[in-house]
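Numbering (our numbering), first residue to last: 149 to 370.
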């Protein structure tokens, strides 16, 4: 099991009381259709994700993005390392979300996917494990969409959005260019590198327009 996941349980405290205890930014993590459905709608249109394509939400937590995508009739699945999140997965998508032990778990890629979505998850993964995940993903998917919090540079160790520093499980704070280079050296062709995508992270953009990075990439290892 990956070292990070031995140290951080991603348990009930993390998802339900994290903002109070200082473990995460979560409080009462729940289904919020007004946000998640809107985000899924915009992602499908902008990436774009075509009808009939399969999607893996890596770091799906309780499966809310999987649920939103399936409401729009997309073949979406989820994977997460948290027993608590998977055990408390939304009942409508419980059969489509599974627990994995880490990025090297063979259960992560039981089939090939048209898309992998990794939103607010890669910053939690230690760099060696992150590179492994991206290389494996490039062998098992055609397209990748990534959302990560950004640092102003690669040395400061702090995020542009101060709230992101409050999550004790964040282990990578790097710039937009650093993430783009990481994707390129891990077998991905970066087709989009930006700090704004409609429908996603818009609440943070109002105060910190450069606080989040969005990447669309296609596999160069096919």
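Glycine included, every Cβ here is placed at the ideal spot set by N, Cα and C.
Assign residue i to one of two classes, buried (16 or more other C-beta atoms within 10 Å of its C-beta) or exposed (fewer than that).
i, result
"residue 235", "exposed"
"residue 227", "buried"
"residue 354", "exposed"
"residue 299", "buried"
"residue 150", "Note on residue 150: pLDDT 42, under 50, position unreliable in the model; the coordinate value appears next. Buried, by the Cβ-count rule."
Please report the straight-line C-alpha distance between residue i and residue j, rounded to a whole angstrom.
i, j, result
"residue 263", "residue 229", "19 Å"
"residue 242", "residue 223", "14 Å"
"residue 200", "residue 219", "14 Å"
"residue 244", "residue 346", "27 Å"
"residue 351", "residue 202", "29 Å"
"residue 205", "residue 322", "22 Å"
"residue 343", "residue 195", "15 Å"
"residue 307", "residue 208", "23 Å"
"residue 332", "residue 159", "33 Å"
Taking 8 Å as the limit between beta carbons, can you name the residues of its chain near residue i, skipping five residues before and five after?
i, result
"residue 169", "161"
"residue 267", "205, 207, 213, 293, 294, 295 and 348"
Who are the near neighbours of residue i in its chain, counting only those whose CB is closer than 7 Å to its CB and skipping five residues on each side?
i, result
"residue 257", "284 and 288"
"residue 255", "246 and 248"
For residue i, which residues in the same chain have their Cβ closer than 6 Å to its Cβ, ignoring the five residues on either side in sequence?
i, result
"residue 340", "364"
Can you find at least 3 beta carbon pairs, one from the stretch 284-294 and one from the stretch 358-368, that sit closer than 8 Å?
-> yes
Pair every Cβ in the stretch 310-321 with every Cβ in the stretch 264-277, then say whether three or more of these pairs are closer than 8 Å.
-> yes
Could you say if the stretch 208-219 and the stretch 185-192 meet the contact criterion of at least three C-beta pairs nearer than 8 Å?
-> yes
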